[in-house]
Amino acid sequence: MNEYLHINPEFESALRSNKPVVALESTIISHGMPYPKNVETAMRVEQIVRDNGAVPATIGVMNGKCVVGMTKEEIETFGKASGVWKVSLRDLPYVVSQTLLGATTVAATMRIASMAGIKIFVTGGIGGVHRGAENTMDISADLTEMAQTNVAVISAGVKSILDIGLTLEYLETLGIPVLTVGSDEFPSFYSRESGYKSPLRLDTPEAIAKLLSAKWSMGLNGSVMIANPLSAEASIDRNEMEGHIQQALNAAATAGIKGKEVTPFLLKYIADHTMGESLEANIALICSNAALGAKIAGAYAS
Ligand code: PSU
Ligand code: MN
1 MNEYLHINPE
11 FESALRSNKP
21 VVALESTIIS
31 HGMPYPKNVE
41 TAMRVEQIVR
51 DNGAVPATIG
61 VMNGKCVVGM
71 TKEEIETFGK
81 ASGVWKVSLR
91 DLPYVVSQTL
101 LGATTVAATM
111 RIASMAGIKI
121 FVTGGIGGVH
131 RGAENTMDIS
141 ADLTEMAQTN
151 VAVISAGVKS
161 ILDIGLTLEY
171 LETLGIPVLT
181 VGSDEFPSFY
191 SRESGYKSPL
201 RLDTPEAIAK
211 LLSAKWSMGL
221 NGSVMIANPL
231 SAEASIDRNE
241 MEGHIQQALN
251 AAATAGIKGK
261 EVTPFLLKYI
271 ADHTMGESLE
281 ANIALICSNA
291 ALGAKIAGAY
301 AS
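Here's what the structure looks like:
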């Protein structure tokens, strides 16, 4: 425990009694979806985690503290406020010490979850190696964080705004197991397909919990990337998505977008240009990830 951590009492008792807890990030609320869908989805995701037997803990930064288990009012604030910081690992001490509102990325959420003793974290999509990274060196801190922090990440894979092949290579270099649930193919967030075979496949929460237990018991530090393909009904055609992504990449290059703004710019561009379809897919996949994450947390706790 440290003075910069605020744990909601509900989670404190859940953690003490070894109840399953699932961490959730806040970047998706502040930077991932429009209001009020973002707040509605965040609350729905929390309910799904509860319905599947675990306690949800949404994580963000406010009042100079890393908050584990945001209240409904706090989630509402993050969903409405403008100018909420996107907080990755390097931003964390700045946003805490300046007492700013900070929505945490996968990297920062994992680290805070770990500080609180939470092992399972559910999100939509993670950051990775960007297209053209051989020149820009734009590789998300999500990956290096996954190499060292013992929190499993459940996502719908990696968006093809990234170079999926290079991201999988980099995950291999970092020693991070990558497994897909119920499919031999690694998913690309909006689509069940990516064109890349999944390095590993496991089909049940119990088998995944066993893998986590084996990894961490052997002292192998770091995350496990658990990719959960979205349902066939919600899946968007990969070629259709590729057209939007190319346009988004061109728009980013034209506008000279760099550094931490790259990912939010691309995500917003795609959301704005695919309208309802991508938002609905996004909501469907995060709900499905929440149910799976709660089951894995339950299996791991027992
Ligand atoms: N990719 C997505 N959805 C997201 C993000 C990435 O498909 O919401 C967000 C996550 O919070 C992730 C962050 O941790 O962007 C990565 O940003 P960067 O590429 O700047 O590291
Ligand atoms: Mn980056």
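Numbering (our numbering), first residue to last: 1 to 302.
The C-beta atom is built at its ideal place from N, Cα and C for all residues, glycine as well.
Three-state secondary structure (DSSP) of residue i
i: P264; result: helix
i: T173; result: helix
i: L24; result: strand
i: P205; result: helix
i: T41; result: helix
i: G306; result: Outside the displayed range of the chain (1 to 302) lies residue 306, so it cannot be described from this structure.
i: T109; result: helix
i: V134; result: Here the sequence assigns Glu to residue 134, which means Val is not the residue at that position. E134: helix per DSSP, three-state reduction.
i: I316; result: Since the first residue of the chain shown is 1 and the last is 302, residue 316 is not available in this structure.
i: K19; result: coil
i: E3; result: coil
i: A294; result: helix
i: T167; result: helix
Buried versus exposed, by CB contacts within 10 Å (16 or more), residue i
i: P205; result: buried
i: S88; result: buried
i: A116; result: buried
i: T104; result: buried
i: R90; result: exposed
Inter-residue spacing [alpha-carbon to alpha-carbon] between residue i and residue j
i: N282; j: N18; result: 31 Å
i: R111; j: R50; result: 23 Å
i: D138; j: G128; result: 8 Å
i: G165; j: V262; result: 19 Å
i: S217; j: A299; result: 16 Å
i: A214; j: P187; result: 25 Å
i: A147; j: M225; result: 10 Å
Distance between beta carbons of residue j and residue i, contact taken as under 8 Å
i: D142; j: A107; result: 5 Å
i: N228; j: L292; result: 5 Å
i: E25; j: T144; result: Actually they are not in contact, since the Cβ atoms of E25 and T144 sit about 17 Å apart, beyond 8 Å.
i: A252; j: V22; result: Contact doesn't hold; Cβ gap of about 33 Å is too wide.
Contact with chain D by residue i, beta-carbon distance below 8 Å
i: S30; result: In the structure shown, chain D does not exist; there is a single protein chain.
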